[in-house]
Amino acid sequence: MAVGNHRPTIETVDLGAIKWNVQQIRQAITPGKKIFAVVKADAYGLGAIPVAKAAKEAGVDGFCVAVLDEALELREQGMPEEFILVMGPTEPEDAALIADQSISVAVSSIEWLKEALAYLEGRKTKKPIRVHLATDTGMGRIGLRTVEEVQAFEGYIENQGDFIFEGIFTHFATADGEDPTQVDKQLAYFQELVGCLKKRPPIVHLANSAITLWHESFQTDAIRLGIAMYGYNPSDTVLDLPFALKPSVQLDTKISFVKQMHEGDTIAYGARYRAYEGEWIATLPIGYADGWRRDLRHQTVIVDGQRCPIRGVICMDQCMISLPKEYPIGTKATLLGKNGGIVNNPSEMAVEIDTIGYEILTGINQRVPRKYLS
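In our numbering, the protein residues as written are 266 to 639.
What follows is the structure, encoded as structure tokens:
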């Protein structure tokens, strides 16, 4: 995808804020716990390599990604020795590559191990694969579910020199909610699965950002720090943050056209909005092809410290807003972040469109250039 460098729409990522958030969370967790920075999906759309390097400078102990290619990108772009865990499924035929690159992987079955063995014959090194057993305690996604399955997995892997049983983990479905019932149920289930092992793996982990913020007392060797590292509330507006975090994203553009409307003039596709007499309408060069979703049409954009409602449907490459008065072409308009003391926070905006802040952040795509502040 071509990057829109010749357009005034820019996403600014504050790497200093990311470092500050890591350090704040480090101070809040039990001493000795490892922090794995979650930089999957191109670091939630902010740029995996610059974010990972900033997180490393802040003292994280490793990284979590979702797919093997994301791990390989980190290896190739300046992370040759760091701990990297692929938490999503991988293919057994990539076993040799995984081993040679010293990448840890989530595994959900003995069958995966058996299939991978044949492909390990193609290794260029003698390195084993470092395995993290995924357990399903209530998320319903990947992972073993019973004591019998977990014990059988341990029994198989302990006799295979081509694998190291490095970790075991689970993921919580409701850690960002008010009701702790499901969280407590999953924790008890996970403790039972870990307790059935003859030997505890070196890295037992279960804590995403939500568990880290609101259930830090859970016994674990490492936390997987995602949305909180970027400065946003994993529960959006359901739970208050226990301590301050610094938002790291600023999405700005500039007014590209201004016009004054007459009563009944229509705006955008479908002519769904009809202007009032004398209304000032500005066009902004950003649309749903950039990730500024159509269902954000009831949100506001900030101009000169004032909230300006979006008018009409959001187009593929442009959208329109209502101004309180005439502003010149080139005036800054803020879609995410701060402008004149007013803030557009994706966590809060998400509630209005029945989604989560993660989706708004990751949705801003690569046509929007990134600028980094150290």
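For every residue, glycine included, the Cβ atom is placed at its ideal position computed from N, Cα and C.
With a 10 Å radius around its C-beta and 16 neighbouring C-beta atoms as the bar for buried, classify Arg395 as buried or exposed.
buried
On a CA-only basis, which of Ile579, Val278, Lys590, Tyr553 is nearest Glu542? Give me that one, please.
Lys590
Would you call the CB atoms of Leu626 and Gly310 closer than 9 angstroms?
yes
Name the two residues that bound the continuous alpha helix (DSSP H) containing Pro315.
313–322
Identity of the residue in Ser587, Lys519, Val568 nearest Tyr538 by Cα:
Ser587
Looking only at its chain, what residues have a beta carbon closer than 7 angstroms to the beta carbon of Lys389, apart from the 5 residues adjacent to it on each side?
Asp365
Classify Gln525 as buried or exposed, calling it buried when 16 or more other Cβ atoms lie within 10 Å of its own Cβ.
exposed
Identity of the residues DSSP links to Thr548 by a beta bridge:
Phe522, Met585
Stretch-stretch touch, CB-based, cutoff 8 angstroms, three pairs: the region 488–508 with the region 470–478:
yes
Report yes if the CB atom of Ile300 is closer than 9 angstroms to the CB atom of Arg340, and no otherwise.
no
Is it buried or exposed for Tyr497, if we count other Cβ within 10 angstroms and need 16 for buried?
buried
Opposite Leu490 in the DSSP bridges: which residues?
Ala302
Please report the straight-line C-alpha distance between Gly408 and Leu378, rounded to a whole angstrom.
14 angstroms
Quick check: does the Cβ of Ala319 come within less than 8 angstroms of any heavy atom belonging to the ligand HEM?
Questions concerning the ligand HEM fall outside what the structure shown contains, since it holds no ligand whatsoever.
Using CA atoms only, rank isn't needed, just tell me which of Ile551, Phe508, Tyr623, Phe483 is closest to Gln288.
Phe508
For Leu516, the three-state DSSP class (helix, strand or coil):
strand
Hey, which unbroken runs of the beta strand (DSSP E) at 3 residues or more fall wholly within the region 407–434?
428–434
For Phe522, count neighbouring C-beta atoms within 10 Å of its own C-beta (all shown protein chains included) and say buried if the count is 16 or more, exposed if not.
exposed
Can you list, in chain order, the residues of its chain with a C-beta nearer than 7 angstroms to that of Val412? Leave out the 5 residues immediately preceding and following it.
Glu457, Leu458, Cys461
In terms of residue numbering, what span does the alpha helix (DSSP H) encompassing Tyr623 cover?
622–628
Check whether the Cβ atoms of Ile567 and Cys573 lie closer than 9 angstroms to each other.
yes
What does the alpha-carbon distance come out to for the pair Asp569 and Leu333?
44 angstroms
For Ile433, which residues of its own chain have a beta-carbon under 7 angstroms away from its beta-carbon, when the five flanking residues on both sides are left out?
His397, Leu398, Thr400, Val459, Pro466, Val469
Starting from the C-beta of Gly312, find all residues in its chain whose C-beta is less than 8 angstroms away, skip the five residues before and the five after it, and write them out in chain order.
Val278, Arg635, Tyr637
Excluding sequence positions up to five away, which residues of its chain have a Cβ less than 7 angstroms from the Cβ of Gly577?
Ile532, Ala533, Arg537, Tyr538, Met585
Helix, strand or coil for Ile375? Go by DSSP, reduced to three states.
helix
Where Asp560 falls: helix, strand or coil (DSSP)
helix
Return the residue from the list Pro296, Glu322, Lys298 that minimises the CA-CA distance to Ile283.
Glu322
Taking just the CA atoms, how far does Asn630 sit from Lys318?
21 angstroms
Rounded separation between Ala440 and Pro593 - CA only
46 angstroms
Which residues mark the beginning and the end of the alpha helix (DSSP H) in which Ala477 is found?
Position check: residue 477 holds Thr in this sequence, whereas Ala was assumed. Segment 474–479, the alpha helix (DSSP H) holding Thr477.
Would you identify the three-state DSSP class for Leu600, choosing helix, strand or coil?
strand
Please state whether DSSP places Tyr592 in a helix, a strand or coil.
coil
Spatially closest choice to Thr485 from Ile422, Leu452, Glu380, by CA coordinates
Leu452
Out of curiosity, what's the CA-to-CA distance linking Ala371 and Pro357?
12 angstroms
Please list the segments of the beta strand (DSSP E) lying wholly inside the region 268–292, counting only runs of 3 or more residues, in order along the chain.
275–279
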